[in-house]
Every structure is written in structure tokens, then in C-alpha cells.
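Residue numbers (the numbering used here): 235 to 747.
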């Protein structure tokens, strides 16, 4: 039976989850009779984790709202066919600050931040006779980790936004925005404080709570985004000795069978309740066609090498009439090729009937659950991996490359490649590689290893490669897709118009005013 964290929201603290998400992002919380003991504190912490399960954050959606699992559609990895959801219009530069994409994302992030602020403020005030200091510290560490994770997305996507660190009254809600540097400094501070108090692990029945390793990993990810490469080397070095390892079967990671893998540093946990219909929808698909609203781009599919480690245009093993064969195994695990069975219940094959000719496979449900409670197109129970050990190894490889410390880099790349049976760097690219050569190899490995895990926008932006990505999208010539690179409007989000209308002290972000 699937183990999970029971998410219980104290109504007096947060109200109904859906109602909470519909509220203004800077609305005050009413909680006078809550936060009295350790039990209350744990409920409050669970409420913050619940915020991660918003449709526009980690639970995704089959239609209507783009969640983080599908943020590869903001780059060159996938095509958002139902462009009204936001991703397609964003790439076509046919979107403005009034679009629900920006409003819903912003509101969900600040909902989580508000819950974290309440927990940080009120857990510190619980009388010492009602909570142990060890438990108080751990719960505060989790709240700071989660607040940092929400602000991490604010920093990457919006760059400038209000930095709210306390529970606000309505009178205090009319704040100005803060700089990227101020937000960045707070993210680092929260994660460093979390690292100092979080445990390395929890009992099995508490699996899914943030650990010290999770905090170090997210901090490494934020440092690499900011080009702080020595910090990345230090943190990933710690993580390499912390008991994490690569899952032997890459495909297993993206199924319920892989949810407790030693490769996972942090995941957002989901449980589908047949009585309520709650659960994630990022793994849902359709009976007659794979997830049509998000489709792999041809340039992304072509980035998977043949199994001899050579690009498909160079390898004698590649057969354009049978694209999925003799390829890097990660291709068939991530992409449905024409002729692949995508619906095991109906024994239905993919006919290539998408705009791009390919279908989303990674994380996609192909079969109803054994007890029949979860089908392929409804809510499910698949956890979403926020950070895994392969990413840690690739971050370390990238940081060492940028520092010019090249000796360890091939070994790190080989660990990731050998897990899926791909040739080593030495066997294909050779030895004595230069910094620029290794940089391209590392970046390619990140793309194929982490394809469709919501990190492509993050990578393209920090590498300053978004314009090149738009050129690849154009060259793919996908029907009904017209990419239009617009500089900062293609690498950042605007402050939602609804926030500007409600708060006269806010000003629009550069490039969007």
C-alpha cells in the first residue's frame, strides 16, 4: 500500500484548501485559537506541503492550467498545443499580464508563502511545555525550506516581487516589490537555516518531509542558477557522501514503484482519494491519444543519441523509419514514438497523430490501477520528483567545468550514462577534452536525463540560451506554432495585472510595462 503524508488543514487556520487558493495572495490569516501545541504545529506544516499540490504548482493538470511538471513548454522541449493554457501563447509572445497563467501561479506561490510565514511566526511562540525544542527546530526548518522553495520559483520566473516574511493584516498588504538580490539572499538564508536543523532522514511513516539533503540540494540548484559554482561543488560533495544513489532502472523512477528510491532527495507526494477525487493530474492522459496538450518537440526528441553514443545524424544505427530503436534508452522512456503502445488497458498504439508526431511518456499513466480506482485519464497517486541524485551529479559536473576543474567531470557524466547503458565519455568523445567541449557535453546530458521534468526553462535562462532555443523551435516547423523571441518577455513573467490593480504600490517588472 502506498505510504503518504496525510494532509489535514485546520479550518480555523487555513479554511478549505480550494477557498484558500482563491484568496488574494497577501490576505491575512485568522488563527487566534490555533498553534497551541506540537500537534497544531504539525498540522500547520502539513498545510504548507498541501500548497505544493496546487494544480499550477506540482500536481499539474490534464487541461486548463499548466503546472510545474509541464514547464518544459516554456522552452524547446515541448509544445503546449492548447495554447490558451498559457505556455503556447507565452512562446508565441501572444500573452499579457492579465492572463490567468501568471495570476494563478503567483497566487499559489504566495499562498504557500503565507502558510509558511504563519508557521514560522507561530511555532516559535508555542509554549515550551507543549513542544520539544528538537521538534520545534525541525518544524521551523521545514517551514523555512518550503518558503525558500516557493520564493525560488518567484525569483526564477518573476525576478522582482514582494518579499513577505511575516503574517500580514489587510492594512499591511499594500507593499512594494523587492529586488531579485533581496529575494535571493532570503532564499539562501532560509535554506542555510533549514540545513542546520533538518534531520538526514525520517521514519518510514513520515517519508516525504524535507530533509537536510533536500535543503542542500535545492540550495545547490539555486547557487548554480546564480553562478556560485564553488558553493555548488561544496554542497554536492556533501550530498555524494549522504547515502543517495542512482536508481538502477531509470524507467522505475517515474512510476509509483520508484517513489521510495534512494535517488530521490525531495518529491511532492500525492494520494488519490476515490471519495473526493483528490490527487495529481500531471500523469493523466487520454484513452485515444497521449497527452495532447503537451507534446515533445522534434528537436528535443532528436537530441537523444543512438545507443552507440553518437548523434542520430552521425550514427549508422539510426533508422529514420524506426526512430525509437537503437536509441539512448531514455528516449523510449520519455517519448511515445509511432507504433508504441500507450494505453495498455485497450492495447492501443500511438499513431503519431499529434502536431509534433510524438507523445509524452515520462510520468504518463498507461494503465488503470489494479483495484480500478485510478484510470488513465483521472486523478492519480504519482509523486512528482522535485530533485534527484542524477541532477546532483550533473550540477556538480557543470560547476566543476565552469571552475575549470575538469578531472572529475567525465566520471560524473559516466555515472549518469552507465545507469542507462550508454557509452562513457572516454569511449565516444575521447580524453583530454577542453572546458568548452565538456560544457557542451554536460549541457546535453542534462537535457536528455531531465527531459520533461520541468527544468528546461531554468537551464536555458541561466545559460543565456533562450534565443537559440526559440530558433530550434522555429526550425521544427510544427503546425500551428509560431515562436516569437522577445528578450526579457521570453525569460521572465510579469506581475499579474490583478495584483497591480489591487496594490497601487506595485510597479510592473521590466519589459512588461
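Don't be surprised by glycine CBs; every beta carbon is placed ideally from N, CA and C.
Which residues mark the beginning and the end of the alpha helix (DSSP H) in which residue i is found?
i	result
residue 387	367-387
residue 290	Here residue 290 belongs to no alpha helix (DSSP H), and DSSP marks it neither H nor E.
residue 457	446-459
residue 422	414-431
residue 691	690-696
residue 339	334-357
residue 712	Neither: residue 712 is in no alpha helix (DSSP H) and is coded neither H nor E.
residue 481	First-last for residue 481: undefined, no H or E at that position.
residue 274	272-285
residue 472	463-474
residue 645	643-653
Excluding the 5 residues preceding and the 5 following residue i in the sequence, name in chain order all residues of the same chain whose CB lies nearer than 8 Å to its CB.
i	result
residue 445	432, 433, 434, 435, 436, 499, 500
residue 656	539, 541, 543, 562, 563
residue 398	260, 344, 347, 348, 351, 409
residue 709	533
residue 553	559, 560
residue 464	633, 637
residue 742	331, 728, 729, 734
residue 384	285, 343, 344, 346, 347, 350
residue 525	296, 518, 519, 593, 594, 598
To which residues of the same chain is residue i closer than 6 Å at the C-beta, ignoring the five residues directly before and after it?
i	result
residue 356	269
residue 238	Unreliable positioning characterises residue 238 in this predicted model, as indicated by a pLDDT of 31, which lies under 50. A coordinate reading is not provided.
residue 497	480, 481, 622, 623
residue 302	291, 292, 688
residue 392	727
residue 575	583
Specify the secondary structure class of residue i as computed by DSSP and reduced to three states.
i	result
residue 395	strand
residue 401	coil
residue 322	helix
residue 601	coil
residue 594	strand
residue 246	The pLDDT assigned to residue 246 is 27, lower than 50, so where the model puts this residue is not dependable; a value taken from the coordinates is nonetheless given after this. Residue 246 falls in the helix class under three-state DSSP.
residue 662	helix
residue 737	coil
residue 514	strand
residue 614	strand
residue 312	strand
residue 583	strand
residue 267	coil
residue 626	helix
residue 699	coil
residue 329	coil
residue 492	helix
residue 409	coil
residue 608	coil
residue 732	helix
residue 259	Any answer about residue 259 is weak, because its pLDDT of 37 lies below 50 and its placement is not dependable; what the coordinates show is given next. Three-state result, residue 259: coil.
residue 656	coil
With respect to the beta strand (DSSP E) encompassing residue i, which residues constitute its N-terminal and C-terminal limits?
i	result
residue 305	It is not in any beta strand (DSSP E) - residue 305 carries neither H nor E in the DSSP assignment.
residue 676	That residue, residue 676, is in no beta strand (DSSP E); its alpha helix (DSSP H) goes 669-683.
residue 529	528-530
residue 619	618-622
Measuring CA to CA, which of the options is closest to residue i?
i	options	result
residue 450	438, 423, 729	423
residue 300	278, 340, 554	340
residue 228	358, 400, 354, 458	Any property of residue 228 remains undetermined from this structure, which presents the chain solely from 235 to 747.
residue 609	275, 480, 514	514
residue 305	415, 699, 687, 460	687
residue 634	429, 470, 362	470
residue 565	550, 535, 486, 585	535
residue 308	724, 733, 745	724
residue 721	745, 705, 729, 712	745
residue 730	313, 603, 332	332
residue 571	676, 557, 577, 578	557
residue 442	495, 483, 400	495
residue 555	586, 381, 296	586
residue 412	400, 425, 389	389
residue 748	405, 401, 652, 598	Residue 748 cannot be examined here, being either before or after the span of the chain that is shown, 235 to 747.
residue 491	320, 616, 648, 620	616
residue 680	664, 662, 666, 648	648
Excluding the five sequence neighbours on either side, which residues of its own chain have a C-beta within less than 7 Å of the C-beta of residue i, listed in chain order?
i	result
residue 762	Look at the range of the chain in this structure, 235 to 747, and you will see that residue 762 is not part of it.
residue 473	447, 450, 451, 626
residue 825	Absent from the structure is residue 825, since the part of the chain shown begins at 235 and ends at 747.
residue 672	635, 640, 643
residue 338	290, 299
Please check if any C-beta of chain B sits within less than 7 Å of the C-beta of residue i.
i	result
residue 336	You won't find chain B in this structure, because it holds only one protein chain.
- Message: Restricting to runs no shorter than 4 residues, where is the alpha helix (DSSP H) found entirely within the segment 494-580?
- Response: 532-536, 563-568
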